Every structure is written in structure tokens, then in C-alpha cells.
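Working notes for the structure below.
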Amino acid sequence: MTLPVSGMASLAWPHPDLKDALARLRGRSPLVHCITNAVVTNFTANVLLAVGAAPAMVVTVEEVEEFVRIADALLVNVGTITVPDAEAMLKAAETAGLTGTPWVLDPVAAGVLAYRTSVVAKLVRLRPTVIRGNASEILALNGLNGGGRGVDSTVASADALPAAIELARSSGAVVALSGKVDYVTDGQRTLSIEGGDELMGRVTGMGCTLGALIAAFLPVSVSPLMAAATASALFGAVGTDAAGRAGGPGSFAVEFLDRLSTIGL
Amino acid sequence: MTLPVSGMASLAWPHPDLKDALARLRGRSPLVHCITNAVVTNFTANVLLAVGAAPAMVVTVEEVEEFVRIADALLVNVGTITVPDAEAMLKAAETAGLTGTPWVLDPVAAGVLAYRTSVVAKLVRLRPTVIRGNASEILALNGLNGGGRGVDSTVASADALPAAIELARSSGAVVALSGKVDYVTDGQRTLSIEGGDELMGRVTGMGCTLGALIAAFLPVSVSPLMAAATASALFGAVGTDAAGRAGGPGSFAVEFLDRLSTIGL
Amino acid sequence: MTLPVSGMASLAWPHPDLKDALARLRGRSPLVHCITNAVVTNFTANVLLAVGAAPAMVVTVEEVEEFVRIADALLVNVGTITVPDAEAMLKAAETAGLTGTPWVLDPVAAGVLAYRTSVVAKLVRLRPTVIRGNASEILALNGLNGGGRGVDSTVASADALPAAIELARSSGAVVALSGKVDYVTDGQRTLSIEGGDELMGRVTGMGCTLGALIAAFLPVSVSPLMAAATASALFGAVGTDAAGRAGGPGSFAVEFLDRLSTIGL
């Protein structure tokens, strides 16, 4: 795919680059070290297994340094952070910097709560490969007040796009901005990704799980920007497909895993 | 609905008051701060999303005071309590007292284990708006020995009704007593709620999730008694409906979420 | 069933001994105290409820001694171990030794990470009734280097069978070795169990859940060897059946719970 140097292209399944990246993921089965929140651990692991990756949740400060050295990618999600979690996250992120392990930061509810916001600020300085968040979180991280209300975004994703681009430039991370339309940007190039369904907002942790999927694509993608774009586009396509088969949020989650395991095969 | 000043009325879907309360819940989407047990976090969040509420699990003592001030209601469930959890729960409950935020206490296995029983006693003194438990737990809280066996109730709910009424009077909380028949009482008025299905006992955390649903109804109900009654009646109706479509406990949980998201629409 | 004193018999559903053990389990509904990992708590509880057991997750060092004394069996799984978890696990295992409560050790990723490996070594010295692991974990526990990669086994289970037998002899535990073929051994007698489906590797924590199921069968089986064999054979049969009805890993997990609740009825 030819990306414009600046400006915005859009990406959607079944673009051949996406199918190639998915085939590489399934071939390599990257080991994704997840330090994520208590609400979504099970679903995150199941999404990673469904797509063909190998999840592992190793969460204690005594073990994370050793495990980051084995893992192909790392996810840090602060959704239900505690003080011991923060220690483990910071140690894991530091280690990823030393080993060159690509990692995703998901700053759930940053800007809403002071403690986690301070931890997230430290994590951003440890140079995540990708930051994934909703509009409120990205605005907060960019030093603005997003008026966030818990974990929901109260701002449309397009409104936060300038902040996302600015944050990408200042942090060095690719920023994946989730919303009705997803955007991914490295500060120079920006892609928009459509897809998904309203039902995705009725299942807990879909955004968190997208962060995990981006982590899984990092080791098999040509760039962090393409990893974030690929995961987002795949997520949207599977979400649209699953919603068409579902009778509500319960069956949606089941269909999502089923479709994710077979898409493109 | 006209409630008798004393004595027992019964309530069942689709009573118009229930439909109105559900419509108000969906319109307002109350933010429910959950400090709940590790087994049910995911299902609890999904039930709250399915009904139309906004769940958020914020669990560390550094953050709960700040978050209770934002939330519309609070749930405290001691199912897998640890010492740091207890600190966070007590701080959250104290804050709810200051801010007037309505909150639900779910005293899982109180009376069975000394440590949590002592924490629950402190929580009761912080004046929960609603206490939800099974017969053993309510008996234990009322200073009796329920002969509890883990998290299961070994006593029929009707046998614990006098204790529930007494507990409501002494604590100032509405007591929601779960069992084959559910009862809710504020010490003066008592309502019985039928519905539900045997399959609900084969899915973990249905009772815990009912506690969360009561919390979600508190900000949109005319009284804590009606919030507890509405949540219980809705739970029973959705449970009966889902059981009729399910082939076992796995599909029951899926159907429960699907039906909860569409009931009354 | 007549088991040879040495050599290898195989076991599969619907052997009458399996059906009898399942009927005893459903009749007694053993209370299984689980100290397990954060990824699988919900699914583990649902599997135990589906088969007819009574799960309870009690995880803090302040409570485990008291609860082991009530429980019929104990599961200790180190998948997401932290320092407070380790304290609780060691206290629970010590108590089980004093009370004669049968217990299962699931040494997830032992041999891969130093901290948990040291805790697992202490747990093995507390004489678990059954050790359940994959080939890498069993090799690691037997003092060999399994070359484990996270929680996946990279060695075929048959290759680890000599190590399993040796470990059973040195530790006094029955060893349940999971893989494409499962083996259970008490060091003298070894049984092989076929069944299951590739989809079981696409759902997180199936192995962890098998550990819980073994714990549930311990109080109702003629020997720890038969408990491990029965749980493994039942797991394989339900897995094969569920896979035939499933469209992917999402529906597989749902079908697994449904079938487990009705098999043999």
C-alpha cells in the first residue's frame, strides 16, 4: 500500500497488506506479555489466542523484567491499576526500552484520576511504541482537559485528532485514537479506519483488547503505524461481521472470537 | 404502584413502574463504581453495559475517593477481599457517606470467615444504602449463625426474612435477600419478587451481579427499596427468559446478556 | 476397572467407573477452594459449577487457613502469582497438609521464571496430592530444562512421560501430564487418556481448568490417580463433543460449559 507522506489515507479489510500481516502473525504466533486490567484479562487472552498469538499475563515486579526479555511484545494497560501494578508496569516498560521490545500503552481513564495520570506520565516518558486511547484519554495525555467521564470517551475521535498528532510528535509513539472512526498517526502520516459496530461499546474492554491486538501485530508489521492500522482495521471488520450475526452483546462477544479465529482463512 | 405501609406486596415484570425505571436508567446511563471480586469483574461490567449503565472498576485506595465523587452509585463486594481491597472499600464507603452517593454492600460469605466478617461489620456501620445477600449472609449480618457453607446459602430465603427486616431496621439499609424467592425490605415495607431459574445458580456471580444492578438503579429510582425491587424483578424476568433459550449454563450467560440489552425495547 | 500394576492402560468416556465418579461428584457437590490465576477465575468457577461442584475463591493469607478447613479440596495455580498470593498459597498448602485436604498444584510456567519456580519448589515440598502441568512444566519440575516458552508447552507430552513418572516417585504426588495425549501416573501405574480437540488450545486456561476439575474429583474418587484420570477423560470427552458443535473458540467455550453440565445425565 502506498501511503501519502502527509494527509490521510483510509484502510479497510480485506486490503492485501492486512491479509499478509495476519498471515505473518499466524505463522509466527508472537508471545504477547500483557499487564492489563482485572476486568479484561480473560477476554484479552481469548482474543489473542483467537487471532493466533500467544498471550501471557505476568504481572509481579519480581518477574516482569525476566519475561519482557522472552516476549515478542508488551502491553501495559492501567485500567485497574494498584501501586504494585504500577511498579511492575514501570519495570516492564524500562526493560522493553533496554531490549528493544515493542510495547503498547493503554492509558485507561488518564486525566480523570490523579494517581494513574502520574503513572501514565512516567510510562509515556519510557517511550511506548504505540499509545492507544479514546479521545478523552488522548486529549488528557496531550495536556488538555478531555472532560473524561470514567472510561468512556465524551469527545468524538475526530475532535482529538490534532491532539493525537501532536502527542505522536512529542512522545515519539504512534498514537491510535479509538472512536466511531479510528485514527492512527505517527505524527507525519495519519490513517483513518472505519468499521466496527455500536455493539462493540456494549461489551467491556473492546478498546483494551484492541490495544492487545496492536501489541500482537507489532513484531510482524513493517512499522508501528502499520501494526496499529492493521489491528484496528481487523478489529473493525471482525466487529462488523460479528454484529451481523449477534442478537446482543453476549452473543456478539462469542461471535467476535469465532470470526477472529477464521477471518481470512 | 401502591405499596402497602406494611405487609408484603409482590412485584414482577412487566409492571409499568419497572419499565419506567428501566427507561430512566437507559436514558441516564449511570456511572457505577464497582469494587467487586476477581471472579465476576468481567461479567459484572458486561451486565451493566447490557442494561445501559456505565461500569467502572477503580479499586486502589489512592483513587477511590476521587472516583466516588464522580460516580452515580457505588458497589462494594467482598468476595475475594484482600487487605488492600479492604482499605479501598472502607475509603470508598466513607466517601460515599460524605457525598451522599448511594451504595450497595454485598457481604459475600460474611459469617463464614473471620477477616471479611470484621471488614463487613465496619462497612455496615458506614451505612450502605442497600445490603444484598443470601439467607446465610443476612442471618450472619443480623448476628445469627447461618451455617453458611462458602458462598452458597444453605437456608431458604423465607427463613431469613425476619432477620432481613430486623437488619434493615438496625442498619438503616434496605436489605435485598436473594433466594428462590427474592425479598426486599426497608424494615417497614417488604416486597417479594418471583422469577429466575435454577440455571442462575449454575453461573458464577449471578448474585454479585444483581448487587451491581441494584447499584445502577439507585440513582434513577424513587427509593432504595424500589431500586432493589426493580433490579431483582428485572433480573428474574431476564433469567427466566434466558433459561428458556439456553442449552446449559454457558449459553444461559450469553442469552442473559442479550436479553438484558433488549428487554422492554 | 482393573488397572495393571505397571504398564499403561487407557481410559475414555463412557467407562462405567467415570460415570460413577461423576454421579458421586454431582451427589456430593464438593466445595473446591481455588487460589488460581487472574485470567481464569471466572471460567474456572463456571466449569466447576457446570460439572456440579461448588467453587470458592478465597485468596488472602488472612483467610486461607480457615477456608481450607471447610473445603473438600484445594487448587493452587501460580499463573499470575504475586508475593501476597505466594504467602496465601503456602499457608493454604501447609493447612491442607495438617487437615488431610487433598490438593492440586498447577505450576504454570515453572522453569521459565525464577520467582515462581522458587515458590513452586516450596509448594512441591508441601506434598500436593496431584501436580498437573504440561510437558515443559513437568520437565522443569523434575529438574530438567524444558525450554518452556511462556505457558505453552514446546515438548510433546510423551517425551515428558519418564520425567512425570520420576517426579511422581520423588514427590509422592500423582502427576497429570497434559498434552495432545494426557497421561496420569502415580509412579507405579500410568494411564493414557485420549480425547479433546485442537480448539481447546485456542481458549485460555483450559489446562488450568482441568486442574480445578481434578481437585473436584479428589474427594469422590477411589484414589488420586483415578481422580486425575477421570477429570482428564471427562475433559477430553466434553471437549470433543463441544468442538463438534462449535464455530470457533468463542462458541467452543459456551458449548463446553453446556455439555459439561449435561454429560451422562
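So the protein sequences, as listed, match chains B, W and E.
Mapping of the first sequence onto the numbering used here: residues 1192 to 1456, in sequence order.
Mapping of the second sequence onto the numbering used here: residues 1192 to 1456, in sequence order.
Mapping of the third sequence onto the numbering used here: residues 1192 to 1456, in sequence order.
Ideal placement from N, C-alpha and C gives every residue a C-beta, glycine not left out.
The structure displayed is predicted, hence computed values, not measured ones.
- Going by DSSP, Val1311/E is part of the alpha helix (DSSP H) stretching over Ala1305 to Arg1316.
- Here the alpha carbons of Phe1258/W and Arg1219/E stand approximately 44 Å from one another.
- Close to chain B, meaning a Cβ-Cβ distance shorter than 7 Å, are the following residues of the stretch 1211–1243 of chain W: Leu1222, Ala1229, Thr1232, Asn1233, Ala1236, Asn1237, Leu1240 and Ala1241.
- Secondary structure note for Arg1450/B: its alpha helix (DSSP H) is the uninterrupted segment Pro1440 to Thr1453.
- Runs of beta strand (DSSP E) with 3 or more residues, each lying fully within the stretch 1273–1306 of chain W, are found at 1294–1297, listed in chain order.
- When only Cα atoms are considered, Pro1275/B and Ala1305/B end up about 17 Å apart.
- At least one beta carbon of chain W lies nearer than 8 Å to the beta carbon of Leu1448/E.
- Any Cβ of chain B closer than 8 Å to the Cβ of Leu1266/E would place that residue at the interface, and such an atom is absent.
- With a threshold of 8 Å between beta carbons, Ala1444/B makes contact with chain E.
- Under DSSP, Ser1201/W shares a beta bridge with Ser1383/W.
- Rounded to the nearest whole angstrom, the CA to CA distance from Ser1442/B to Val1310/W is 38 Å.
- Leaving aside the five residues that flank Leu1240/W on each side, the residues in its chain whose CB is nearer than 7 Å to its CB run, in chain order, Pro1246.
- Secondary structure of Pro1410/W (DSSP, three-state): helix.
- In this structure, Ala1419/E is the residue among Glu1446/E, Ser1361/E, Asn1228/E and Ala1419/E with its C-alpha nearest to the C-alpha of Leu1404/E.
- Leu1202/E and Gly1302/E have their C-alpha atoms some 30 Å from each other.
- Contact between Ala1283/W and Val1223/W is ruled out by a C-beta separation of about 12 Å, above the 8 Å threshold.
- Leu1448/W sits close to Val1238/W, with the two beta carbons spaced by under 8 Å.
- Distance from the CA atom of Arg1360/E to the CA atom of Gln1379/E, rounded to whole angstroms, is 8 Å.
- The Cβ neighbour count for Ala1444/W, taken over all protein chains shown within 10 Å, is at least 16; the residue is labelled buried.
- In its chain, beyond the 5 residues on either side, Ala1359, Val1365 and Leu1416 have a beta carbon closer than 6 Å to the beta carbon of Asp1377/W.
- DSSP, reduced to helix, strand and coil, places Leu1456/E outside both helices and strands of the structure shown, so it counts as coil.
- Bridge pairing for Gly1324/W: Leu1368/W [DSSP].
- One thing to note: Leu1409/W has its Cβ no nearer than 8 Å to the Cβ of Leu1213/W.
- In the three-state reduction of the DSSP assignment, Thr1376/E falls in the strand class, which pools E and B.
- Under DSSP, Pro1246/B forms a beta bridge with Val1223/B.
- With at least 16 other beta carbons inside 10 angstroms of its own, Asp1297/W counts as buried.
- Taking 8 Å as the upper bound for CB-CB distance, Ala1351/B and Ala1326/B are in contact here, some 4 Å apart.
- CA-to-CA, the gap between Ala1434/E and Arg1436/B works out to about 20 Å.
- Tyr1374/E sits away from Ser1362/E, with the two beta carbons spaced by 8 Å or more.
- Among the CB atoms of chain B, one or more fall inside 8 Å of the CB of Phe1258/W.
- For Val1346/B, there is no enclosing beta strand (DSSP E), as DSSP marks it with neither H nor E.
- Residue-level contact check: Tyr1306/E touches chain B, since one or more beta carbons of chain B fall below 8 Å from its beta carbon.
- Secondary structure of Val1267/W (DSSP, three-state): strand.
- At a beta-carbon threshold of 9 Å, the residues of chain W lying near Thr1271/B are Thr1232, Met1248, Val1249, Val1250 and Thr1251, ordered along the chain.
- Apart from the 5 residues on each side of it in sequence, Arg1217/W sits with its Cβ closer than 7 Å to the Cβ of Gly1243 in its chain, given in chain order.
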